[in-house]
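Heads up, the thing below is written out as structure tokens.
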Amino acid sequence: MSHTSDLEFNPLSDAFAQDPHPFYAALRAKEGLTYYEDFDVWLAARFDDVSEIVMSEHMVRSMEHIASAEEIEKQKRDGNWHDMPHHSRFVQFSLLDSDGDVHDRLRKQVFKLFTPVMVNKLRDEIQAYVDSLVDGLADHAEIDFIEDLAANVPGHIIGRILGVPDADCPQLRIWSENIVQYFDIDRSDKRKELAERNTTEFYHYLSDLKRQRETAPKDDLISMMIEAQKAGQMNEDEFISTAMLILMAGHGSTIDVLGSGMHALLKFPDQMQRLRDDQSLMKTAVQEMFRYESPLPFFHRYVTQEMEVCGQRFERGTKFGVLYGSANRDPKQFPNADTFDVGRSPNWHIAFGRGAHFCLGNHLARLDMDIIFSTLLRRFSRIELAAEDVRYKRGLSVRGPDALKIRWSPS
Ligand code: HEM
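So the mapping is simple: this note's numbering equals the position in the sequence shown, first residue as 1, plus 3.
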């Protein structure tokens, strides 16, 4: 068994934010799993170890299965998650943080809208929206790719799926970011108050929207979930938390991978040129963007019984950290793992997880990416970095640039 103390594994550091991959490589080189004291987790960094954990039927996401109510309360206090009435009802509980029958029942209610066939029906709408954004920016010689373009797309499209009017989508983005950020670095009381307040506002917003759809249903996710609730498949809290999760899970993550994907194309101009010359590579290029910089690099699991995990014996209730971001750079799984290759095939990356919680929105995220990059390569004959120093977000749970200044010239 190894400990991280000799590694200086500090995922909150600036060095880790700028390039986590040497740290991941060092973890992968260690024998067994590595205990990381600050988060009280055993880290799995190799592809096989990560897969073993997330595919195991004895691993869960929710503490409910392994701890008493008192222990859960203590953990919440330790992490400053307590005294957040709406956040605990609608964010700390969710489809993602449930297991077994509850998870299966909730996932089944929304799964239908996220199949490839359903998602593909949005293609024209996404294309029209991206075109309108690009039209508004095309005569700017320089833009921040994140703020001016990428950040507008995912929230808008998921808002559409939910049934949120276009004009309200920017507000949802703000709520969603403030709520999600509380999961990561800054658990101060100030951020806690903001996360709780925004959860409350979001809750009231969704309740109003639900009331409107109850009298006048539309072809959207809110109306579909109302039917599920009538059929006894969801209660009120599950309804709200599922709607919130869908927005929050798909929003920041897609923005981040759009940013890191664009950054990769700019750092490897030969790969950008290859993609320009053969746009049939767009599908593999998008998959490679997810592998190369996985936007959600870290998740957790608890083991429900004493057992052997990745060759070591662990007690019931042990917490594991699965490093998707590291697994996706494991050279045992991916030849030349540190090379960004837009034609990589096969590419069985694990950026969307695996097993019961496999990402519901993966087709949608890939379609957004496909449309945005295809549009930009078609409409701009030259795209270049405008500032060499690209800063990435701090933290273990997210990966993406804060800003990405680019210069471009229309074709
Ligand atoms: C860049 C894009 C995205 C990435 C990298 C990503 C990644 C992931 C991962 C890794 C998980 C599994 C978590 C675990 O193993 O514990 C997950 C679950 C989930 N994702 Fe995504 N996701 C993305 C986009 C989206 C989008 C666009 C949506 C919705 C529109 C979405 C909705 C969900 C939901 C609802 C779950 C929970 C599924 C369950 O628990 O059964 N995601 N995502």
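All residues carry an ideal CB built from backbone N, CA and C; glycine is no exception.
Counting only the Cα atoms, E387 lies some 13 Å from G262. DSSP places L46 in the uninterrupted beta strand (DSSP E) bounded by 44 to 47. In this structure, the ligand HEM has a non-hydrogen atom nearer than 7 Å to the beta-carbon of L99. Secondary-structure assignment with DSSP links P404 through a beta bridge to Y395. In the DSSP assignment, T37 falls within the unbroken beta strand (DSSP E) covering 37 to 39.
N350 is the residue among N350, K322, A70 whose C-alpha sits nearest the C-alpha of K335. The beta carbon of P298 is closer than 6 Å to those of S256, D259, V260, R402, G403 in its chain, skipping five residues each way along the sequence. Leaving aside the five residues that flank V53 on each side, the residues in its chain whose CB is nearer than 7 Å to its CB run, in chain order, A47, V325, L326, Y327, A330, I353. Between the C-alpha atoms of I249 and L165 there is a straight-line separation of about 9 Å. Counting along the chain, D147 sits inside the beta strand (DSSP E) bounded by residues 145 to 147. Straight-line measurement puts the Cα of Q232 at about 21 Å from the Cα of Q95. Taking C-beta atoms under 8 Å as the contact rule, S412 and F383 qualify, at a distance of about 6 Å.
If you draw a 10 Å sphere on the C-beta of Q274, you find 16 or more other C-beta atoms in it, and that means buried. Comparing alpha-carbon positions, the option among D333, R126, N238 lying closest to K33 turns out to be D333.
In the three-state reduction of the DSSP assignment, Y305 falls in the strand class.
Beyond the five residues adjoining it in sequence on each side, L284 comes within less than 8 Å, by CB distance, of R277, L278, V345, G346 in the same chain, given in chain order.
For the 8 Å CB-CB criterion, F42 and F26 do not form a contact. DSSP, read as helix, strand or coil, puts I258 in helix.
The closest heavy atom of the ligand HEM lies 7 Å or more from the beta carbon of Y395. Pairwise C-beta distances place the region 152 to 168 in contact with the region 360 to 377, as three or more of them are shorter than 8 Å. Residue burial is scored here from C-beta neighbours: T245 has at least 16 other C-beta atoms within 10 angstroms and is therefore classed as buried. Taking non-hydrogen atoms of the ligand HEM into account, the C-beta of G403 is found less than 7 Å away from none of them. Pairing I146 with D371 gives a Cβ-Cβ distance that is not under 8 Å.
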